[in-house]
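A.B. asks: If you number the sequence shown the way this note's numbering does, the last residue is 538 and the count never jumps.
Heads up, the beta-carbon is just placed ideally off N, CA and C, and yes, glycines get one too.
Have a look at the structure that comes next, please.
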Amino acid sequence: MGDILERLIAFNTISERSNKDLSAYVRDYLTAYDIPFEISEDPTGEKVAILATVGPMINDGVVLSGHTDVVPVTGQSWTSDPFLLRRDGDRFVGRGAVDMKGFCAAALAALPRLRERPLKRPLHLLLSYDEETSGIGSLSFIESFGRDLPRPSHAIIGEPTEMQVAIAHKGLVSYQTKVSGIAAHASRPADGVNAIDIANEAMTFLRCAATELQADRLKDARFDPSFTTVHVGWINGGTAANVVPSDCTFEWEVRSVPGVDDGLVNEKLDAWAAATLTALQPTVDISTTTTCMLPALSTDAKHAAVSTTLRLAKRDQPCTVPYATEAGHFQRAGIAAVVCGPGSVEQAHRPDEYIRLSELQRCGDFITQLGDSLCV
Numbered sequence: 163m164g165d166i167l168e169r170l171i172a173f174n175t176i177s178e179r180s181n182k183d184l185s186a187y188v189r190d191y192l193t194a195y196d197i198p199f200e201i202s203e204d205p206t207g208e209k210v211a212i213l214a215t216v217g218p219m220i221n222d223g224v225v226l227s228g229h230t231d232v233v234p235v236t237g238q239s240w241t242s243d244p245f246l247l248r249r250d251g252d253r254f255v256g257r258g259a260v261d262m263k264g265f266c267a268a269a270l271a272a273l274p275r276l277r278e279r280p281l282k283r284p285l286h287l288l289l290s291y292d293e294e295t296s297g298i299g300s301l302s303f304i305e306s307f308g309r310d311l312p313r314p315s316h317a318i319i320g321e322p323t324e325m326q327v328a329i330a331h332k333g334l335v336s337y338q339t340k341v342s343g344i345a346a347h348a349s350r351p352a353d354g355v356n357a358i359d360i361a362n363e364a365m366t367f368l369r370c371a372a373t374e375l376q377a378d379r380l381k382d383a384r385f386d387p388s389f390t391t392v393h394v395g396w397i398n399g400g401t402a403a404n405v406v407p408s409d410c411t412f413e414w415e416v417r418s419v420p421g422v423d424d425g426l427v428n429e430k431l432d433a434w435a436a437a438t439l440t441a442l443q444p445t446v447d448i449s450t451t452t453t454c455m456l457p458a459l460s461t462d463a464k465h466a467a468v469s470t471t472l473r474l475a476k477r478d479q480p481c482t483v484p485y486a487t488e489a490g491h492f493q494r495a496g497i498a499a500v501v502c503g504p505g506s507v508e509q510a511h512r513p514d515e516y517i518r519l520s521e522l523q524r525c526g527d528f529i530t531q532l533g534d535s536l537c538v
């Protein structure tokens with residue numbers, strides 16, 4: 163397992179980069195053990211998702227799902243090369259160790275053993291891309307389940323939960339809004355249209371929307387905060403203090419509790435923009451694009467997927483997690499989903515990210531027992 167993790171971490175799969183080399187390694191590994199798999203590429207051919215299967219290709223199997231991309235290391239103070247796995251006692255240190263190449267390594271290590279078991283239902287392993295950015299890297303396979311591929315009974319997303327079983331999380335939708343104004347000399351501001359001013363009005367609109375959502379009756383006490391939030395996190399515009407800025411771009415997100423329409427805020431912003439533009443010159447524009455989509459998750463605690471995963475993970479009660487995952491995509495496709503994986507999210511996205519060997523071994527045991535449950 164450690165050898166596999168070392169190989170996976172050695173591939174620099176920061177989301178902006180290709181994961182083709184990692185994919186080639188995984189395909190060679192699967193081929194060596196005669197484990198069947200399918201691939202799905204993005205339109206550029208630079209990003210590859212893999213679906214491997216052990217057991218019969220029939221309905222009612224289980225999907226283990228993990229992503230192969232990682233977040234950047236720029237600006238972080240690592241004490242060693244983040245893409246060279248370092249052993250520090252019980253810890254494996256490296257970018258992606260806990261989020262979430264550790265889980266991917268544990269799952270890959272288990273597949274050859276499970277291939278020799280008399281599985282009566284299949285175990286699928288889905289390795290996606292771009293979970294950390296657009297969130298779309300798993301969709302091609304998820305949308306194929308029940309159509310071109312057997313429909314699984316449920317999915318287990320191996321994000322770090324310390325092997326607790328999470329049944330709910332907020333959704334995440336990220337947006338980029340671009341404002342195009344008209345440049346002019348700052349001594350004659352009326353000759354132009356200030357894109358930063360318009361962007362500021364748009365952000366004020368979003369701040370008001372956030373206040374309304376905080377007061378909305380649709381809350382979920384399982385989360386802190388218990389309401390849907392709106393957040394502007396990045397802005398860029400203008401060229402100099404003496405120039406009326408012609409362009410301004412800002413990025414924002416909505417983190418919605420389950421049951422809230424995660425596109426409603428953007429629809430309201432679009433309506434506000436349309437009304438605002440009618441009073442401005444025709445060359446002025448306000449446009450918003452979706453950059454990431456991870457739907458909220460809320461799985462019934464009484465669902466068989468929950469009780470089964472709790473039993474295998476040796477946990478008494480399910481929990482919730484504060485971050486978004488690909489589990490919402492499965493649920494939106496009609497496939498029950500839970501989140502359960504090794505390590506703590508407290509170590510994710512940080513310098514000297516790590517996962518403990520004991521946590522990987524516990525995850526490996528969990529996957530082996532999951533395979534055993536598919537033999538009966």
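If I'm right that glycine 399 touches glutamate 415 with Cβ under 8 Å, what's the distance once you round it to whole angstroms?
C.D. replies: Wrong, their Cβ atoms sit about 19 Å apart, outside the cutoff.
A.B. asks: Could you tell me the alpha carbon to alpha carbon distance between methionine 455 and methionine 219, rounded to whole angstroms?
C.D. replies: Approximately 30 Å, taken between the alpha carbons.
A.B. asks: Excluding the five sequence neighbours on either side, which residues of its own chain have a C-beta within less than 7 Å of the C-beta of threonine 241, listed in chain order?
C.D. replies: Cβ neighbours of threonine 241 beyond the five flanking positions: Asp514.
A.B. asks: Specify, as a first and last residue, the run of the beta strand (DSSP E) that aspartate 447 falls within.
C.D. replies: Counting along the chain, the beta strand (DSSP E) containing aspartate 447 begins and ends at 447-456.
A.B. asks: Which partner residues does aspartate 409 have in the DSSP bridge list?
C.D. replies: Looking at the DSSP assignment, aspartate 409 forms a beta bridge with Ser342.
A.B. asks: Alpha helix (DSSP H) containing histidine 491: first to last residue?
C.D. replies: Histidine 491 -> alpha helix (DSSP H) spans 489-494.
A.B. asks: Would you call the region 295-310 and the region 224-234 touching, i.e. three or more CB-CB distances under 8 Å?
C.D. replies: Yes: the two stretches touch, three or more of their Cβ pairs being nearer than 8 Å.
A.B. asks: Taking phenylalanine 173 as part of the beta strand (DSSP E), name the residues at either end of that continuous run.
C.D. replies: Careful: phenylalanine 173 lies outside any beta strand (DSSP E) and carries neither H nor E.
A.B. asks: Would you mind reading off the limits of the alpha helix (DSSP H) that contains glutamate 521?
C.D. replies: 519-535 is the span of the alpha helix (DSSP H), which, as asked, contains glutamate 521.
A.B. asks: Determine, using beta carbons only, whether threonine 323 and glycine 490 come nearer to each other than 8 Å.
C.D. replies: Cβ atoms of threonine 323 and glycine 490: not closer than 8 Å.
A.B. asks: Going by CA-CA distance only, name the one from Glu294, Cys266 and Gly223 that's closest to glutamate 178.
C.D. replies: Per the Cα distances, Glu294.
A.B. asks: Quick one, are the C-beta atoms of cysteine 458 and aspartate 424 less than 8 Å apart?
C.D. replies: One point to set straight first is that residue 458 is alanine, not cysteine, in the sequence displayed. Against a cut-off of 8 Å, the Cβ pair of aspartate 424 and alanine 458 comes out as a contact.
A.B. asks: Would you kindly check if the distance between the Cβ of valine 188 and the Cβ of alanine 328 is under 8 Å?
C.D. replies: No.
A.B. asks: If you run the structure through DSSP and keep just helix, strand and coil, what is alanine 402?
C.D. replies: Of the three classes helix, strand and coil, the one that applies to alanine 402 here is coil, per DSSP.
A.B. asks: Taking one C-beta from the region 354-361 and one from the region 374-388 each time, how about it: are there three or more such pairs within less than 8 Å?
C.D. replies: Output reads no: the region 374-388 does not touch the region 354-361.
A.B. asks: Is lysine 464 buried or exposed, if buried means 16 or more other CB atoms sit within 10 Å of its CB?
C.D. replies: It is exposed - the Cβ of lysine 464 has fewer than 16 other Cβ atoms within 10 Å.
A.B. asks: Pick out the complete beta strand (DSSP E) segments inside the region 189-218, 3 residues or longer, and give them in chain order.
C.D. replies: With a minimum length of 3 residues, the continuous beta strand (DSSP E) runs that stay inside the region 189-218 are 199-203 and 210-216.
A.B. asks: Please state the DSSP three-state secondary structure of phenylalanine 385.
C.D. replies: DSSP places phenylalanine 385 in coil when its eight states are reduced to three.
A.B. asks: Can you tell me where the beta strand (DSSP E) with leucine 431 in it begins and where it stops?
C.D. replies: First-last for leucine 431: 426-439, but that is the alpha helix (DSSP H), not the beta strand (DSSP E).
A.B. asks: So which of Glu203, Val260 and Ala383 has the shortest CA-CA distance to cysteine 481?
C.D. replies: Out of Glu203, Val260 and Ala383, Ala383 has the C-alpha closest to the C-alpha of cysteine 481.
A.B. asks: Are the region 272-283 and the region 524-538 touching by the rule of at least three beta carbon pairs closer than 8 Å?
C.D. replies: The region 272-283, when compared against the region 524-538, does touch it at the 8 Å Cβ threshold.
A.B. asks: If you draw a straight line from the C-alpha of threonine 445 to the C-alpha of aspartate 204, how long is it?
C.D. replies: Distance between the alpha carbons of threonine 445 and aspartate 204 is about 34 Å.
A.B. asks: Using DSSP's beta-bridge definition, name the partner residues of valine 419.
C.D. replies: Per DSSP, none; premise fails for valine 419.
A.B. asks: Going by beta-carbon coordinates alone, are histidine 565 and valine 483 separated by less than 8 Å?
C.D. replies: Not covered by the structure: residue 565. The range shown for the chain is 163 to 538.
A.B. asks: If distances are taken between C-alpha atoms only, which option among Lys182, Ala475, Ser180 and Val216 comes closest to tyrosine 195?
C.D. replies: Nearest option by C-alpha distance: Val216.
A.B. asks: Would DSSP call cysteine 266 helix, strand or coil?
C.D. replies: Of the three classes helix, strand and coil, the one that applies to cysteine 266 here is helix, per DSSP.
A.B. asks: Name the DSSP beta bridge partners of threonine 391, please?
C.D. replies: Answer by DSSP bridge pairing, in chain order: Arg417.
A.B. asks: Can you give the Cα-Cα distance for glutamine 238 and lysine 340, rounded to whole angstroms?
C.D. replies: Distance between the alpha carbons of glutamine 238 and lysine 340 is about 29 Å.
A.B. asks: Spell out the partners DSSP gives histidine 347 in its beta bridges.
C.D. replies: Per DSSP, Val405.
A.B. asks: What would DSSP say about isoleucine 358, mapped onto helix, strand or coil?
C.D. replies: In this structure, isoleucine 358 counts as helix in the three-state DSSP scheme.
A.B. asks: With a floor of 3 residues, list each beta strand (DSSP E) that falls wholly inside the region 283-330, ordered by position along the chain.
C.D. replies: Counting whole runs of 3 or more residues, the region 283-330 contains the beta strand (DSSP E) stretches 285-290 and 316-319.
A.B. asks: How many angstroms separate the CA atom of glutamate 429 from the CA atom of glutamate 488?
C.D. replies: Rounded to whole angstroms, glutamate 429 to glutamate 488 spans 23 Å at the Cα level.
A.B. asks: Can you tell me where the beta strand (DSSP E) with valine 501 in it begins and where it stops?
C.D. replies: Valine 501 -> beta strand (DSSP E) spans 498-501.
A.B. asks: Going straight from the alpha carbon of tyrosine 191 to that of glutamine 443, what length do you get?
C.D. replies: Cα to Cα, the separation comes out at about 59 Å.
A.B. asks: List the whole-angstrom C-beta distance separating methionine 325 from alanine 475, where the pair is believed to meet the contact cut-off of C-beta under 8 Å.
C.D. replies: Contact holds; Cβ gap of about 5 Å.
A.B. asks: In terms of alpha-carbon separation, which member of Phe307, Trp434, Ser520 and Ala435 lies closest to arginine 494?
C.D. replies: Nearest C-alpha to arginine 494: Phe307.
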